[in-house]
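K.L.:
Residue numbers are given in the numbering used here: position 29 of the sequence shown equals residue 522, and the series is strictly consecutive.
For every residue, glycine included, the Cβ atom is placed at its ideal position computed from N, Cα and C.
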Amino acid sequence: MVNVELAKERGLSEQTIAEIRGRHIERDQIEQEMASRQPDDVIGLRRLFKRWRANEYALQVLWGFRKNKHLHRDFNLPHCTCPKMDNEDALGTPYRWVTERCVYHGR
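1. Under a Cβ-count criterion, where at least 16 other Cβ atoms within 10 Å of its own Cβ denotes burial, should His598 be classed as buried or exposed?
2. Going by DSSP in three states, Asp533 sits in which element: helix, strand or coil?
3. Are there 16 or more other CB atoms within 10 angstroms of the CB of Glu507, so buried, or fewer, so exposed?
4. Out of Pro532, Glu512 and Arg503, which one is the CA nearest neighbour of Glu549?
5. What are the boundary residues of the alpha helix (DSSP H) that Asn580 is part of?
6. Can Thr574 and Thr592 be called in contact, C-beta distance under 7 Å?
7. Compute the beta-carbon to beta-carbon distance between Val497 and Arg514, rounded to the nearest angstrom, for a pair I have assumed lies under 8 Å.
8. Given that a residue counts as buried once 16 or more other Cβ atoms are within 10 Å of its Cβ, and exposed if not, what is Ile523?
9. Which residue marks the beginning of the alpha helix (DSSP H) containing Glu498, and which one marks its end?
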């Protein structure tokens, strides 16, 4: 879903808004594919995570913001075992709570 008020405030064109919609669809598809994988499919999930992160960066650029991984809510991804509430509180900062066994953020 595109925040239309923010899009107008930022002066985004209809073409850019359409691209943002497409990126949202792509993100949903990536997350669905992640959810359909087994948690022990480390290689497949990490490959999807790279795609997801690239998509998040593309969305930031389309919105006219700087690329900033500290604003990604990757702790909400399927199979992420990192603390949700703690990471929500730390969103926007360089700090993250991670679990060692997380397929995306662990070892």
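P.N.:
Put simply:
1. Working through the sequence shown from its first residue, we reach residue 598 at position 105. His598 comes out buried.
2. The residue you call residue 533 lines up with position 40 of the sequence shown. Correct three-state label for Asp533: coil.
3. The residue you call residue 507 lines up with position 14 of the sequence shown. So Glu507 ends up on the exposed side.
4. For this step, residue 549 is matched to residue 56 along the sequence shown. Of the listed residues, the one whose Cα sits closest to Glu549 is Glu512.
5. The count along the sequence shown starts at 1 and reaches residue 580 at position 87. Residues Lys577 to Ala583.
6. As a working mapping, residue 574 is identified with position 81 in the sequence shown. As a working mapping, residue 592 is identified with position 99 in the sequence shown. Result yes, Cβ atoms of Thr574 and Thr592 sit closer than 7 Å.
7. Position 4 of the sequence shown, counted from the start, is the residue given in the question as residue 497. Position 21 of the sequence shown, counted from the start, is the residue given in the question as residue 514. With 8 Å as the limit, Val497 and Arg514 do not qualify as a contact, their Cβ atoms being about 11 Å apart.
8. The residue you call residue 523 lines up with position 30 of the sequence shown. It is buried - the Cβ of Ile523 has at least 16 other Cβ atoms within 10 Å.
9. Position 5 of the sequence shown holds residue 498. Start and end: Val497 to Glu502.
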